[in-house]
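Report on the structure given below.
Residue numbers (our numbering): 138 to 592.
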């Protein structure tokens with residue numbers, strides 16, 4: 138099975154068994170070596186090692202060491218029968234210098250034999266190895282039985298620990314892989330259109346971070362889908378009104394209800410202009426949201442920009458009997474901007490101000506310095522905005538008219554487009570307003586020096 142939890146469980150089991158096997162072999166080797174050395178130390182005459190040490194000091198080597206063993210064999214208590222221990226002595230390099238068994242004469246002790254032998258030390262230096270062989274197999278058989286028992290115990294403990302490792306490995310592996318199973322199921326549901334899917338955040342920090350990222354992604358997708366549906370509904374609503382007017386008027390003309398006059402045709406033409414403006418605004422909004430707005434950046438004098446915009450709207454303000462005033466701070470720094478796009482921002486702000494300012498009111502457009510940016514503003518004496526309205530004023534298709542009526546014009550996209558245009562210049566846009574006290578819209582564009590520094 139290509140399951141993660143199966144692979145993890147097998148890995149846990151293999152690592153556990155490998156570790157136990159290595160530890161068991163090492164323990165068995167050390168125990169066997171130590172036990173054999175212990176057995177030999179019990180067999181050796183306690184007077185033999187001091188005698189060997191004295192002989193080595195006196196002769197500076199093992200020449201004539203046979204005499205030591207012969208002397209010891211003649212001492213009372215030193216066994217001479219078939220079961221008496223046999224001595225084998227090797228020098229520091231392992232070369233056998235004395236052998237009572239006749240097995241190793243002229244040979245060399247292996248490394249394992251040297252590890253089991255009793256070291257002969259002179260002045261803290263190992264000068265030889267004493268190996269003892271028991272002729273009677275009783276004690277050796279007993280030792281072997283004891284070692285076999287120890288080995289069997291280690292094997293049983295290893296099997297038990299391996300089974301426990303396998304069980305714990307399965308439990309831990311399932312615990313680690315379960316959040317991923319949740320994530321996979323939720324991702325499948327998400328791909329099928331169920332954007333409400335969320336997964337419980339659990340597991341290790343890394344897994345929990347993945348789960349949190351998935352939930353954030355699902356929330357973003359759900360929010361984007363809601364915005365998409367709302368936008369489609371808003372676009373359909375905005376397009377339906379002028380199309381219905383055009384269709385109704387044309388049908389009435391064809392049925393003879395309305396006369397085919399220039400005035401009626403002009404009315405239909407006005408609706409096409411409105412429809413064309415809405416489509417143009419939608420295109421601009423799409424480009425802005427996709428980050429594909431083209432800006433023709435040049436050096437712009439803020440004062441000249443404000444004066445030009447004022448002239449553009451002077452006649453419209455006069456017709457509505459609204460005073461249009463200008464306030465430009467002296468010695469403003471130049472800005473790097475697209476003048477056509479900034480005029481579009483001003484046009485959206487001023488159109489809204491003219492639409493909501495009653496006759497006899499006042500609109501003030503201005504420019505002043507705000508730290509390292511130029512701050513442009515449009516202030517009116519209209520009805521103002523509530524806190525809730527201020528939070529939504531830059532959202533697409535939002536209007537202060539609760540009924541969404543079009544008797545006062547506007548597509549509901551102008552301020553949204555203005556926000557994107559200002560942000561594309563590296564600036565900020567905002568509004569300050571209170572109900573009954575008018576509205577003060579503002580936006581900032583970095584001064585030319587600060588804009589160059591950022592680039």
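Idealized CB from N, CA, C, for every residue including glycine. Note that the structure is a prediction, hence the values are computed from the model and not measured.
Requested in this report: Look up residue 541 in the DSSP assignment and say whether it is helix, strand or coil.
Outcome: The predicted model places residue 541 with a pLDDT of 43, which falls under 50 and marks its position as unreliable; any figure quoted below should be read in that light. Three-state result, residue 541: coil.
Query raised in the report: Within this structure, are the beta carbons of residue 383 and residue 447 separated by less than 8 Å?
Result: Not closer than 8 Å, so no.
Query raised in the report: Between which two residues does the alpha helix (DSSP H) harbouring residue 553 extend?
Result: 551–561
Query raised in the report: Within 10 angstroms of its Cβ, does residue 500 collect 16 or more other Cβ (buried), or is it exposed?
Result: buried
Query raised in the report: Quick one: what does DSSP say residue 395 is sitting in, helix, strand or coil?
Result: Residue state, collapsed to three classes: coil.
Requested in this report: Might you give, ordered along the chain, the residues of its own chain that have their beta carbon closer than 7 Å to the beta carbon of residue 213, omitting 5 neighbours on each side?
Outcome: Note that residue 213 has pLDDT 46, beneath the 50 cutoff, so the model's placement of it is unreliable and no number is given.
Requested in this report: Check whether the Cβ atoms of residue 512 and residue 579 lie closer than 8 Å to each other.
Outcome: yes
Report task. Just the C-alpha distance for residue 453 and residue 401, rounded to the nearest angstrom, thanks. Result -> Those two C-alpha atoms are separated by around 24 Å.
**Report entry** Cβ neighbours of residue 204 in the same chain (closer than 6 Å, five flanking residues each side left out)
**Finding:** So the list is empty, once near-sequence residues are dropped.
Query raised in the report: Expressed to the nearest angstrom, what Euclidean distance is found between the alpha-carbon atoms of residue 508 and residue 441?
Result: 20 Å
Requested in this report: Specify the secondary structure class of residue 338 as computed by DSSP and reduced to three states.
Outcome: Residue 338 falls in the coil class under three-state DSSP.
Query raised in the report: Between residue 339 and residue 553, what straight-line distance do the alpha-carbon atoms span, to the nearest angstrom?
Result: So the two alpha carbons sit approximately 40 Å from each other.
Query - Touching by the beta-carbon criterion (3+ pairs, under 8 Å), the stretch 391–411 and the stretch 427–437 - result: no
Requested in this report: Alpha carbon to alpha carbon, how far is residue 386 from residue 482? Give it in angstroms, no decimals.
Outcome: 34 Å
Requested in this report: Alpha carbon to alpha carbon, how far is residue 562 from residue 423? Give it in angstroms, no decimals.
Outcome: 17 Å
**Report entry** Beta-carbon contacts of residue 329 that lie in its chain and below 6 Å, excluding the five residues immediately before and after
**Finding:** none
Query raised in the report: Do residue 475 and the ligand NAP come close, with the Cβ less than 7 Å from some heavy atom?
Result: Although the ligand NAP was asked about, the structure shown includes no ligands whatsoever.
Query raised in the report: In or out: residue 364 buried (at least 16 other Cβ within 10 Å) or exposed?
Result: Around the Cβ of residue 364, a 10 Å sphere holds fewer than 16 other Cβ atoms; the residue is exposed.
Requested in this report: Using only alpha-carbon positions, find the residue among 163, 266, 249 and 252 that is nearest to residue 193.
Outcome: 266
Query raised in the report: How should residue 572 be labelled, buried or exposed, when 16 other C-beta atoms within 10 angstroms of its C-beta is the threshold for buried?
Result: exposed
Query raised in the report: Is residue 510 near residue 581, with beta carbons less than 8 Å apart?
Result: Yes, these two residues count as a Cβ contact at 8 Å.
Query raised in the report: Are at least three pairs of beta-carbons, each pair with one atom in the stretch 483–493 and one in the stretch 516–527, less than 8 Å apart?
Result: yes
Query raised in the report: Which of helix, strand or coil does DSSP assign to residue 202?
Result: coil
Query raised in the report: Exposed or buried, which one is residue 308 when buried takes at least 16 other CB atoms within 10 Å?
Result: Looking at its Cβ environment, which holds fewer than 16 other Cβ atoms inside 10 Å, residue 308 is exposed.
Query - Coil, strand or helix - residue 577 by DSSP - result: Looking at residue 577 - three-state DSSP - the assignment turns out to be strand.
Query raised in the report: Based on the DSSP secondary-structure assignment, which residues constitute the bridge partners of residue 593?
Result: There is simply no residue 593 to check, as the chain begins at 138 and stops at 592 in what is shown.
Query raised in the report: Between the C-alpha atoms of residue 287 and residue 164, what's the straight-line distance to the nearest angstrom?
Result: 10 Å
Query raised in the report: Relative to the alpha-carbon of residue 551, which residue among 532, 568, 560 and 472 has its alpha-carbon at the smallest distance?
Result: Of 532, 568, 560 and 472, the residue nearest in Cα terms is 532.
Query - residue 425, buried or exposed, once every other Cβ within 10 Å from all chains shown has been counted against 16 - result: buried
Query raised in the report: Closest to residue 498 by CA distance: which of 477, 455 and 475 is it?
Result: Residue nearest to residue 498 within the set 477, 455 and 475 is 455 (criterion: CA-CA distance).
Query raised in the report: Among 263, 257, 241 and 460, which residue has its Cα nearest to the Cα of residue 270?
Result: 241
Report task. Please report the residue range of the alpha helix (DSSP H) in which residue 439 lies. Result -> 439–456
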